[in-house]
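Have a look at the structure below before the remarks.
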Amino acid sequence: MNIATLHADLWQHLQARRGQLPHALLLGGLRGLGKFALARAFAASLLCERPQVGGEACAACPACNWLAQGNHPDFRLLQPEAMAETEGEDEEGGKKASQQITIDQVRGLDDFLHVGTHRAGLRVILIHPAEAMNRNTANALLKMLEEPAPATLFLLVSHEPERLLPTIRSRCQSLPVPLPAADAAAAWLADAGVADAGRWLALAGGAPLLAAELDGSGESRLIEALLEQLARGPALDPLAAATALDKVVKAEKGGGAAPMKRLIEWAQKWLFDLSLAAAHLPVRYFVGERTRIEQLAAASDAARLLAFGRKSLQYRRHAEHPLNSRLFLEDFLLGYAALFAPRQEGR
Ligand SMILES: [Zn+2]
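Numbering (our numbering), first residue to last: 25 to 371.
Structure below.
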């Protein structure tokens, strides 16, 4: 399944606008929805010389070939150096690749915007993610958006559009990218070879590309290790569990936020599901563990779950740099185990 099918409604909307494109479009939405793939497919569709009936690029004409090889003369991709796929060239002598789109990258567009286009008369600039620009860089881009070059489309992709300069946002037509329909998302994951698609999709909050990323990743190891402990409920040994999880957290490099923070965030989702189950509502994230969650919720009560859910916010704040990660986990897990301690009656 391709990205145009996954986001069929939005794709049709984009295609309907081919004839009267704005100067800039901003695709915003949650991480893992496939915004970048969608923007790229739309760029390909616009540059293709023989688009298919649904508007998708043919993948065979010279323009499609150039785009696939990364040398289409009328296309530019601006993304942080750290995200570029051409690793290993090491031109900077081991210098760490930038996590930001640099002002030089934006200024580099100047020449591109002021020479004639090569084919079809349209230029496309894809910027991803648009929030990865500091103020100076964003202002350099703003100048280009304020004096639009003819026959030029800026496609901005953002996980956090609210973090962009308001002046940039106001120069773009916003296109919120929604969660895809559940059946389309499940079909997408089946195509991507993800077993147990429903489970990962729920854990990813409905975002299929994030779900595919979770499956088999370091993140899934983190989740499995955490679940093994939390699912014990009243039988949890907080000290042993803290030691085990501390090892997993320390082995986990890479990823975005600190592993401890991610671990606590998954624990918060588990607590959220426990609260839902305590209120006799369907769980949201850990659908594969629904039965266990319902049993555990019955062994606790809504008030204690709510109180500990609130307390977990504080844990999350301190999770980036705990003084001692094992003690931090012990403390958290002691609080968790207390949720299932017998109620003190007769007082
Ligand atoms: Zn083509």
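Heads up, the beta-carbon is just placed ideally off N, CA and C, and yes, glycines get one too.
Remark: the shortest separation between the CB of E344 and any heavy atom of ligand 1 does not fall under 7 angstroms. Taking a C-beta distance under 8 angstroms as the contact criterion, T176 and L150 do not qualify as a contact pair. Annotation: the continuous beta strand (DSSP E) that includes I149 extends over 147-151. C72 has its CB nearer than 7 angstroms to a heavy atom of ligand 1. The C-alpha of F356 lies about 10 angstroms from the C-alpha of R340. The shortest C-alpha to C-alpha distance from A156 to any of M168, L305, P185 is the one to P185.
Contact annotation, I125 with Q93: C-beta distance approximately 22 angstroms; criterion of less than 8 angstroms not satisfied. Pairing G56 with P202 gives a Cβ-Cβ distance that is not under 8 angstroms. Across the structure, G230 and A216 are spaced so that their CA atoms are roughly 15 angstroms apart. By the 16-neighbour rule on beta-carbons within 10 angstroms, L330 is exposed. The beta carbon of Q39 sits closer than 6 angstroms to those of G79, all from its chain and outside the five residues before and after it, given in chain order. Ranked by Cα distance from L234, the options Q76, L71, K59 are led by K59.
The alpha carbon of L363 has as its nearest neighbour, out of W212, A265, L260, L300, the alpha carbon of L260.
If you draw a 10 Å sphere on the C-beta of Q197, you find fewer than 16 other C-beta atoms in it, and that means exposed. In the same chain as A32, and ignoring 5 residues on each side of it, the C-beta atoms closer than 8 angstroms to its own belong to A208, in chain order.
The nearest non-hydrogen atom of ligand 1 is 7 angstroms or more from the C-beta of A28.
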